[in-house]
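Residue numbers (my numbering), protein chains in the order written: chain A, 31 to 264; chain B, 31 to 264. Glycine is no exception: its CB is placed at the ideal position from the N, C-alpha and C atoms. Following: one structure in structure tokens, then a few remarks.
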DNA sequence: TAGTGGTCTAGACCACAAA
DNA sequence: TTGTGGTCTAGACCACTAG
């Protein structure tokens with residue numbers, strides 16, 4: 031029932047971070063210092079730091095120090111990464127333009143209405159840019175009943191998926207990936223040759239069993255790959 | 031450039047597992063024993079075990095011992111299902127034809143040689159058919175040193191991925207998905223129009239850290255979608 | 001009771017980065 | 001030169017399990 035000392039230390043560190051006392055980029059006390067502060071050996075202090083490094087909360091830089099790490103946006107597996115983060119993690123500039131916002135009463139035969147199962151649906155169409163080059167056209171449908179303020183958000187500051195997951199966590203996702211030839215609209219907005227295929231990613235996200243969002247993402251083949259790393263052990 | 035001792039120990043353990051000397055459920059030597067075997071302190075031996083526990087390769091049972099853990103079967107997440115199973119689960123007939131079998135001494139600049147890191151590589155090219163319609167062209171590269179009998183298998187009975195996982199379990203995978211226009215060879219073998227894009231799936235699988243297989247799978251866009259279901263909760 | 005993993009200590013030496 | 005993390009040692013005590 032007793033808390034190990036290293037766990038106590040790592041909890042204290044976590045508290046300092048979650049209370050914003052130690053913000054992203056902050057250099058935490060050295061292992062020796064932590065050991066002194068908590069009257070522990072360096073090995074024990076180090077083990078506390080180890081835990082948080084493995085959790086992705088801290089980052090070690092040899093010979094320099096240990097720092098509070100930028101939290102990774104979404105979950106680990108075939109992670110639905112935030113496109114804005116992904117672009118900026120490549121050191122590039124992300125921009126977003128909205129093509130249209132609509133409120134729809136879906137016909138029952140459309141794909142998204144079957145999935146969302148809602149009487150009123152918001153639709154938004156956006157283009158994401160990486161360094162002035164369009165990289166993704168995003169069509170997104172959400173249930174108006176669940177996310178009533180969806181269309182009033184400014185998605186150039188907080189991406190649509192960030193906004194949605196701040197309201198309601200994503201617990202499940204269905205993903206479909208296809209290769210398609212672009213429509214005229216896609217050719218125009220993504221500035222394509224007519225012979226460039228596109229990756230079409232259709233993603234239905236659920237929150238505790240309820241469908242939240244139906245999204246269709248188009249990416250020019252020559253500017254985009256989908257990658258994922260799987261750890262099958264465990 | 032020197033390998034830390036704990037890494038050396040964990041490599042030795044991994045070797046014992048991947049060579050099937052220590053099978054699933056096997057109780058590995060205790061930490062004290064490992065320390066003696068490798069002339070290390072118990073803390074160092076323990077750190078080696080820690081690594082593999084975190085990787086999900088080993089499992090500790092307090093007061094009892096440490097055991098080789100069951101790897102989760104390949105099917106769980108974003109699984110690329112066995113194409114034969116998938117086709118027959120749709121009630122269709124699967125057939126496979128081999129286009130070529132080769133033994134290669136890879137040049138260092140090829141994608142697969144960088145990944146496989148092997149001096150001799152087997153390559154096999156196959157086409158999978160669903161009800162007399164070609165649905166996938168598979169290019170597969172494996173390390174000759176690791177899988178010496180690869181080319182002698184009859185993959186119409188046991189698929190290549192089944193054979194490989196019977197020899198050595200897949201513990202990790204890197205997957206890349208792209209949309210590409212087909213080459214002439216693809217157009218011919220997959221019986222395509224020249225305007226049909228293809229999904230190109232590149233998959234590198236590892237077994238306990240060692241690369242096992244580099245596979246490139248091409249699917250006609252109009253006959254194939256990649257789907258996957260994710261449970262993000264927990 | 002003997003053996004296991006879980007925790008902890010008080011040292012030590014190293015390579016490296018920054019001042 | 002100083003401080004950092006990276007590694008390593010040779011002990012120690014504990015709670016727990018199994019024979």
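Exposed or buried, residue i, counting other C-beta atoms within 10 Å across all chains shown (16 or more means buried)?
i                      : result
residue 92 of chain A  : exposed
residue 265 of chain B : Absent from the structure is residue 265 of chain B, since the part of chain B shown begins at 31 and ends at 264.
residue 33 of chain B  : exposed
residue 84 of chain B  : exposed
residue 120 of chain B : exposed
residue 218 of chain B : exposed
residue 223 of chain B : exposed
residue 40 of chain A  : buried
residue 49 of chain B  : exposed
residue 148 of chain B : buried
residue 177 of chain A : buried
residue 175 of chain A : exposed
Our contact map puts residue i next to residue j with C-beta atoms below 8 Å; I'd like the distance itself, whole angstroms only.
i                      : j                      : result
residue 179 of chain B : residue 207 of chain B : No, residue 179 of chain B and residue 207 of chain B are not in contact; Cβ-Cβ is about 31 Å, not under 8 Å.
residue 211 of chain A : residue 212 of chain B : Not confirmed; about 12 Å, so no contact.
residue 205 of chain A : residue 231 of chain A : 7 Å
residue 172 of chain B : residue 152 of chain B : 5 Å
residue 154 of chain B : residue 181 of chain B : 7 Å
residue 167 of chain A : residue 253 of chain A : Actually they do not touch by this definition, with Cβ atoms about 12 Å apart.
residue 47 of chain B  : residue 87 of chain B  : 7 Å
residue 67 of chain B  : residue 59 of chain B  : 7 Å
Output the boundary residues of the alpha helix (DSSP H) element that contains residue i.
i                      : result
residue 67 of chain A  : 61-67
residue 74 of chain B  : 72-85
residue 187 of chain A : Residue 187 of chain A -> no alpha helix (DSSP H), and no H or E assigned at all.
residue 216 of chain A : 214-219
residue 100 of chain B : Note, residue 100 of chain B: premise wrong, no alpha helix (DSSP H); not H, not E.
residue 37 of chain B  : 35-48
If we ignore side chains and look at the alpha-carbon of each, how far apart do residue i and residue j end up?
i                      : j                      : result
residue 99 of chain A  : residue 130 of chain B : 49 Å
residue 127 of chain A : residue 197 of chain B : 51 Å
residue 169 of chain B : residue 36 of chain A  : 50 Å
residue 115 of chain A : residue 96 of chain A  : 23 Å
residue 191 of chain A : residue 73 of chain A  : 41 Å
residue 117 of chain A : residue 247 of chain A : 15 Å
residue 249 of chain A : residue 132 of chain A : 22 Å
residue 38 of chain A  : residue 193 of chain A : 34 Å
residue 220 of chain A : residue 123 of chain A : 17 Å
residue 266 of chain A : residue 70 of chain B  : This structure cannot speak to residue 266 of chain A, because chain A is shown only from 31 to 264.
residue 125 of chain B : residue 242 of chain B : 25 Å
residue 158 of chain A : residue 165 of chain A : 6 Å
residue 57 of chain A  : residue 51 of chain A  : 12 Å
residue 209 of chain B : residue 79 of chain A  : 42 Å
residue 201 of chain B : residue 195 of chain B : 10 Å
residue 65 of chain A  : residue 55 of chain A  : 21 Å
residue 183 of chain A : residue 233 of chain B : 39 Å
residue 268 of chain B : residue 43 of chain B  : Limits of chain B in this structure are 31 at one end and 264 at the other, which puts residue 268 of chain B out of reach.
residue 105 of chain B : residue 203 of chain B : Confidence is the limiting factor: at residue 105 of chain B the pLDDT is only 35, short of 50, which leaves the residue's position unreliable, though a coordinate-based value still follows. Cα to Cα, residue 105 of chain B sits roughly 12 Å from residue 203 of chain B.
residue 77 of chain A  : residue 112 of chain B : 42 Å
residue 63 of chain B  : residue 89 of chain A  : 33 Å
residue 108 of chain A : residue 161 of chain A : Any answer about residue 108 of chain A is weak, because its pLDDT of 44 lies below 50 and its placement is not dependable; what the coordinates show is given next. Approximately 25 Å between the Cα atoms of the pair.
residue 244 of chain B : residue 236 of chain B : 9 Å
residue 214 of chain B : residue 251 of chain A : 18 Å
residue 216 of chain B : residue 150 of chain B : 26 Å
residue 81 of chain B  : residue 45 of chain B  : 14 Å
residue 199 of chain B : residue 156 of chain A : 43 Å
9 Å is my cut-off, CB to CB: does residue i come that close to chain B?
i                      : result
residue 249 of chain A : yes
residue 208 of chain A : yes
residue 194 of chain A : no
residue 240 of chain A : no
residue 333 of chain A : Limits of chain A in this structure are 31 at one end and 264 at the other, which puts residue 333 of chain A out of reach.
residue 228 of chain A : yes
residue 211 of chain A : yes
Over the uninterrupted beta strand (DSSP E) stretch that includes residue i, give me the two end residues.
i                      : result
residue 207 of chain B : 202-210
residue 173 of chain B : 163-173
residue 230 of chain B : 228-237
residue 240 of chain A : 240-250
Can you find a C-beta in chain A that's less than 9 Å from the C-beta of residue i?
i                      : result
residue 225 of chain B : yes
residue 33 of chain B  : no
residue 84 of chain B  : yes
residue 43 of chain B  : no
residue 73 of chain B  : yes
residue 108 of chain B : For residue 108 of chain B, the predicted model reports a pLDDT of 46, less than 50, meaning its position is unreliable; a value from the coordinates is still stated below. Chain A, which has a Cβ nearer than 9 Å to the Cβ of residue 108 of chain B, makes this yes.
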